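Novice:
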Amino acid sequence: MLKSFIAAAALAVSAFIAAPVVQAQEVLKVGSECTYFPFNFRDVDGKLKGYDIDVADEVAKRLNAKTEYSCLKFDGLIPALLAGQFDLIAASLSITPQRKERMDFSVPYRLSIGQFVAPKAKKLQLFDASNNVLKQNFKGIRIGLQRGTTYDSWFQAIVPEAQVVRYETVEQMYLEIKSGRLDAIMTNPMKTYLEFLSKPDGAGFEVVGPQITDEKYFGTGAGIGIRKGNEALLKRIDTAILAMKADGTLDKFSKLYFPFAIYPIN
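Offset between the sequence shown (1-based) and the numbering used here: plus 12.
Dropping the structure here:
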């Protein structure tokens with residue numbers, strides 16, 4: 013009987029050793045703003061949605077990982093990433109030379125541009141026929157922009173004398189310009205078209221001047237941000253995004269929110 017017990021125990025141990033080890037799924041901690049419709053926002057049920065979220069989730073899926081999100085104000089995202097609070101930023105973060113000094117970026121997954129919006133009745137002329145900035149025409153007008161964005165950097169460099177009012181969210185700017193407390197706003201025209209200009213509230217407003225794409229301030233597009241020193245993870249993310257572009261996934265995500273392409277074509 014003792015021999016039988018020993019034999020059974022040995023069999024159980026060998027079976028345990030031979031059993032395949034199930035590895036835990038990799039978790040990617042992602043920081044986002046979570047209030048920037050239609051790129052990253054919560055729906056009525058509190059679920060995170062948007063183009064940035066779709067891209068980050070699909071990247072994680074292709075890396076056999078899952079995402080866990082942290083929501084912060086936009087100007088707090090980079091400091092939090094550098095402090096190690098999360099692994100990535102997926103928040104329409106433009107790839108600029110200044111930011112690349114502090115962190116690394118994936119290949120871009122959408123375009124990064126800026127444009128002015130103003131009441132039609134004001135007939136603002138902020139650029140000449142060659143799309144050069146008319147600095148003198150910025151005097152005496154109040155312009156709203158979101159704090160800590162590439163638009164803020166552009167103003168500080170190009171029109172530092174302009175009277176700029178900074179807000180935490182774009183939605184606050186819409187309220188201010190509709191109330192007449194702002195003469196113009198500078199923002200992402202893709203976002204503004206969807207949630208303001210195409211709505212009844214936006215009927216009295218128009219875009220002013222060209223789309224501004226200066227790479228020095230607006231970068232080469234928006235990418236996923238990551239701390240320096242994570243080259244292996246960055247390479248995996250780049251491979252996933254390039255595959256998503258090639259197989260039509262970025263196009264599919266874009267069409268969920270926009271009537272036009274928003275990802276880099278070239």
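Ideal Cβ placement from N, Cα and C applies to all residues, glycine included.
Quantities reported herein were computed from a predicted structural model and do not represent experimental measurements.
(1) Within 10 angstroms of its Cβ, does Ala258 collect 16 or more other Cβ (buried), or is it exposed?
(2) Roughly how many angstroms lie between the CA atoms of Phe49 and Gly96, to the nearest whole one?
(3) Can you tell me whether Pro172 is buried or exposed? The criterion is at least 16 other CB atoms within 10 Å of its CB, across all chains shown.
(4) Tell me the rounded alpha-carbon separation between Phe217 and Ala196.
(5) Measuring only the C-alpha atoms, how far is Ala72 from Ala102?
(6) Do the CB positions of Ser266 and Tyr81 come within less than 8 Å of each other?
(7) What distance in whole Å lies between the Cβ atoms of Asp116 and Lys240, which are believed to be in contact at a cut-off of 8 Å?
(8) Can you tell me whether DSSP reads Glu183 as helix, strand or coil?
(9) Apply the 10 Å Cβ neighbour rule to Ser124 and answer buried if 16 or more other Cβ atoms are within range, or exposed otherwise.
(10) Among all the DSSP beta bridges, which residues are the ones paired with Gly235?
(11) With a 10 Å radius around its C-beta and 16 neighbouring C-beta atoms as the bar for buried, classify Glu70 as buried or exposed.
(12) Where are the beta strand (DSSP E) runs, 3 residues long or more, that stay fully inside the region 32 to 82, in chain order?
(13) Name the residue from Leu246, Leu138 and Arg154 whose alpha carbon lies nearest to the alpha carbon of Arg193.
(14) On the criterion of 16 or more Cβ atoms from any shown chain inside 10 Å, does Ser210 qualify as buried, or is it exposed?
(15) Taking 8 Å as the cut-off, decide whether the C-beta atoms of Ser106 and Phe230 are in contact.
(16) Exposed or buried, Arg111, counting other C-beta atoms within 10 Å across all chains shown (16 or more means buried)?
(17) Using the Cβ count rule (16 or more neighbours within 10 Å means buried), how would you classify Ala303?
(18) Along the chain, which unbroken stretches of the alpha helix (DSSP H) at least 4 residues long are found entirely within the region 138 to 197?
(19) Let me know the secondary structure DSSP gives Glu218 once reduced to three states.
(20) Considering Cα atoms alone, identify which of Met256, Thr108 and Val220 is closest to Glu227.
(21) Under DSSP, the alpha helix (DSSP H) around Phe128 begins and ends at which residues?
(22) Output needed for Val34: all residues of its chain with C-beta closer than 8 Å, excluding positions within five of it in sequence on either side, in chain order.
(23) So, with DSSP's three-state summary, where would you put Gln110?
(24) Assign Gly237 to one of two classes, buried (16 or more other C-beta atoms within 10 Å of its C-beta) or exposed (fewer than that).
(25) According to the Cβ coordinates, are Asn149 and Pro222 closer than 8 Å?
(26) Round the Cβ separation of Gly156 and Asp87 to the nearest angstrom and send it over; I've been treating them as touching at under 8 Å.
(27) Can you tell me whether DSSP reads Phe272 as helix, strand or coil?
(28) Here's the rule: buried if 16 or more other CB atoms are within 10 angstroms of the residue's CB, otherwise exposed. What is Gly152?
Specialist: From the atom records:
(1) Here residue 258 is taken as the residue at index 246 of the sequence shown, counted from 1. By the beta-carbon neighbour count (other beta carbons within 10 angstroms, threshold 16), Ala258 is exposed.
(2) Walking along the sequence shown from the start, residue 49 turns up at place 37. Walking along the sequence shown from the start, residue 96 turns up at place 84. Cα to Cα, the separation comes out at about 26 Å.
(3) As a first step, residue 172 is located in the sequence shown; it is residue number 160 there, counting from the start. By the neighbour-count definition (other C-beta atoms within 10 Å, threshold 16), Pro172 is an exposed residue.
(4) In the sequence shown, residue 217 corresponds to position 205, counting from 1. In the sequence shown, residue 196 corresponds to position 184, counting from 1. So the two alpha carbons sit approximately 9 Å from each other.
(5) Sequence index remark: in the sequence shown, residue 72 carries index 60 (1-based). Sequence index remark: in the sequence shown, residue 102 carries index 90 (1-based). Ala72 and Ala102: Cα-Cα distance of roughly 12 Å.
(6) By 1-based counting over the sequence shown, the position of residue 266 is 254. By 1-based counting over the sequence shown, the position of residue 81 is 69. Their beta carbons are not under 8 Å apart, which means Ser266 does not touch Tyr81 by this criterion.
(7) Numbered from its first residue, the sequence shown carries residue 240 at position 228. Numbered from its first residue, the sequence shown carries residue 116 at position 104. The Cβ separation is near 5 Å, so the contact holds.
(8) Translated into positions along the sequence shown, residue 183 becomes position 171. Helix, per DSSP.
(9) Residue numbering aside, residue 124 sits at position 112 when the sequence shown is read from its first letter. Buried.
(10) Taking the sequence shown and counting its residues from 1, the one referred to as residue 235 is at position 223. BP columns for Gly235 point to Leu105.
(11) To locate residue 70, count along the sequence shown from 1; it is residue 58. Buried.
(12) Counting whole runs of 3 or more residues, the region 32 to 82 contains the beta strand (DSSP E) stretches 38 to 44 and 52 to 54.
(13) The sequence position of residue 193 within the sequence shown is 181, counting from 1. The shortest Cα separation from Arg193 among Leu246, Leu138 and Arg154 belongs to Arg154.
(14) Counted from its first residue, the sequence shown places residue 210 at position 198. Looking at its Cβ environment, which holds fewer than 16 other Cβ atoms inside 10 Å, Ser210 is exposed.
(15) Here residue 106 refers to the residue found at position 94 when the sequence shown is read from its first residue. Here residue 230 refers to the residue found at position 218 when the sequence shown is read from its first residue. It is a contact, given that the beta carbons lie within the stated cut-off.
(16) One-based indexing of the sequence shown puts residue 111 at position 99. Buried, because 16 or more other Cβ atoms sit within 10 Å of the Cβ of Arg111.
(17) Residue 303 lies beyond the range of the chain shown here (13 to 278); nothing can be said about it.
(18) Here the runs fully enclosed are 162 to 170 and 182 to 191.
(19) Residue 218 sits at position 206 when you count from the first residue of the sequence shown. Three-state DSSP puts Glu218 in a strand.
(20) Walking along the sequence shown from the start, residue 227 turns up at place 215. Closest by alpha carbon: Thr108.
(21) Working through the sequence shown from its first residue, we reach residue 128 at position 116. Careful: Phe128 lies outside any alpha helix (DSSP H), inside the beta strand (DSSP E) at Gly126 to Pro131.
(22) Start at 1 with the first residue of the sequence shown, and residue 34 comes out as number 22. Summary for Val34: the model assigns pLDDT 42, below 50, so the residue's position carries little reliability, and this model does not support an answer.
(23) Walking along the sequence shown from the start, residue 110 turns up at place 98. Three-state result, Gln110: helix.
(24) Along the sequence shown, one-based indexing puts residue 237 at 225. Counting the other Cβ atoms within 10 Å of the Cβ of Gly237 gives 16 or more, which makes it buried.
(25) Residue numbering aside, residue 149 sits at position 137 when the sequence shown is read from its first letter. Residue numbering aside, residue 222 sits at position 210 when the sequence shown is read from its first letter. No, Cβ-Cβ distance for Asn149 and Pro222 is not below 8 Å.
(26) For this step, residue 156 is matched to residue 144 along the sequence shown. For this step, residue 87 is matched to residue 75 along the sequence shown. Gly156 to Asp87, Cβ: 15 Å. No contact.
(27) By 1-based counting over the sequence shown, the position of residue 272 is 260. Looking at Phe272 - three-state DSSP - the assignment turns out to be coil, as it is neither helix nor strand.
(28) What you label residue 152 is simply residue 140 of the sequence shown in a count that begins at 1. By the 10 Å Cβ count, Gly152 comes out exposed.
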